[in-house]
Amino acid sequence: MTAQKELWKNWDEEKHYGELFYKRAVGESPEMQSSGAASRIIKEFYTGKETLLDVGCGAGHYLKSLRKIVAEDIRYTGVDPTSYYIELAKKAYGASADFKVGSIFDIPFEDNSFDIVMCNNVVMHLPPENIKKAFDELIRVARKKVVVRAMFGVRNYIVKEILTGNDLEPGSLESIVYEYFDLAKSKFRYFNS
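First residue of the sequence shown: 115, per this note's numbering; consecutive thereafter.
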């Protein structure tokens, strides 16, 4: 990937997302509906012996639902490319779960390392030309099952949200700035749906 194509990798600067994930992990904020939904799917085939890898784990906020719905002693490992989120996950769970910094495009584990691999709300933020590589990696590290939660519709769109230095909160009307800036050097996020 060229440096220009990697401008979408800006989650390390998005501390507020990590803090929201952390609050969910420790029970200070409500769990996400999607974490409960993913846990109910996994519970259908979980026998109590499988290992689980959560790719794009954030601060480990899905683990709270997995422990409540699937099994309190679930053998869980989380991987996320954002080091700040991994720090928060380790703070939330201590030694009761494993967390590692790593990319969905090069998951830092051997082939067939985990019985179950799950990936929630990640695919929509990936560069469209690299989505196949991400799925190849999820399948590579899985022994039995891969569970992917993503938004799909009748029509799919690839949207780039351009981030300028004047952005206040993503999505707020005040963050829309009508000024000239160099799109090739601007940070952005993908929202594929």
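C-beta atoms are modelled at their ideal positions from N, C-alpha and C, and glycine is treated no differently.
Exercise. With DSSP run on the structure shown, which of helix, strand or coil describes F213?
Worked result: As a first step, residue 213 is located in the sequence shown; it is residue number 99 there, counting from the start. Here F213 sits in strand by DSSP.
Exercise. Would you say the region 139-158 touches the region 176-185, given that touching needs at least three Cβ pairs under 8 Å?
Worked result: yes
Problem set entry | Expected contact under 8 Å - CB spacing of V236 and I218 to nearest Å | Along the sequence shown, one-based indexing puts residue 236 at 122. Along the sequence shown, one-based indexing puts residue 218 at 104. About 6 Å; that satisfies the 8 Å criterion.
Exercise. What is the residue span of the beta strand (DSSP E) that V260 lies within?
Worked result: Working through the sequence shown from its first residue, we reach residue 260 at position 146. A256 to R263 is the extent of the beta strand (DSSP E) around V260.
Exercise. In terms of residue numbering, what span does the beta strand (DSSP E) encompassing G192 cover?
Worked result: Here residue 192 is taken as the residue at index 78 of the sequence shown, counted from 1. Unbroken beta strand (DSSP E) run through G192: R189 to D194.
Exercise. Expressed to the nearest angstrom, what Euclidean distance is found between the alpha-carbon atoms of L134 and F228?
Worked result: Stepping through the sequence shown from its first residue, residue 134 is reached at position 20. Stepping through the sequence shown from its first residue, residue 228 is reached at position 114. Their backbone Cα atoms lie some 27 Å apart in a straight line.
For this session: Compare the beta carbon distance of V193 and G170 with 9 Å and say whether it is the shorter of the two.
Result: Within the sequence shown, numbered from 1, the residue matching residue 193 stands at position 79. Within the sequence shown, numbered from 1, the residue matching residue 170 stands at position 56. Their beta carbons are under 9 Å apart, which means V193 touches G170 by this criterion.
Problem set entry | Nearest-angstrom Cβ-Cβ length linking R189 and N234, presumed shorter than 8 Å | In the sequence shown, residue 189 corresponds to position 75, counting from 1. In the sequence shown, residue 234 corresponds to position 120, counting from 1. R189 to N234, Cβ: 18 Å. No contact.
Exercise. Hey, quick one: how far does the alpha helix (DSSP H) through L134 stretch, first residue to last?
Worked result: As a first step, residue 134 is located in the sequence shown; it is residue number 20 there, counting from the start. Taken as a continuous stretch (DSSP letters only), the alpha helix (DSSP H) holding L134 covers K129 to A139.
Exercise. Does the pairing of the region 194-212 with the region 136-150 give three or more beta-carbon distances under 8 Å?
Worked result: yes
Problem set entry | Counted within 10 angstroms of its Cβ, other Cβ atoms place S149 as buried (16 or more) or exposed | Within the sequence shown, residue 149 is the residue found at index 35, counting from 1. Buried, since its Cβ has 16 or more Cβ neighbours within 10 Å.
Exercise. Near L252, what residues of its chain come up, given a Cβ to Cβ distance below 8 Å and the 5 sequence neighbours on each side ignored?
Worked result: Residue 252 sits at position 138 when you count from the first residue of the sequence shown. Once the five neighbours on either side are set aside, the close Cβ partners of L252 are V169, I218, I221, V231, C233, V260 and V262.
Exercise. Quick one, are the C-beta atoms of A206 and A173 less than 9 Å apart?
Worked result: Counted from its first residue, the sequence shown places residue 206 at position 92. Counted from its first residue, the sequence shown places residue 173 at position 59. Contact flag set, yes.
For this session: Have a look at H130 and S143 and give me their C-alpha separation to the nearest angstrom.
Result: Residue mapping note: residue 130 aligns to position 16 of the sequence shown, counting from 1. Residue mapping note: residue 143 aligns to position 29 of the sequence shown, counting from 1. Approximately 13 Å, taken between the alpha carbons.
Exercise. Does the ligand GTP have even one heavy atom less than 8 Å from the beta-carbon of E142?
Worked result: No copy of the ligand GTP appears in this structure; indeed no ligand is present at all.
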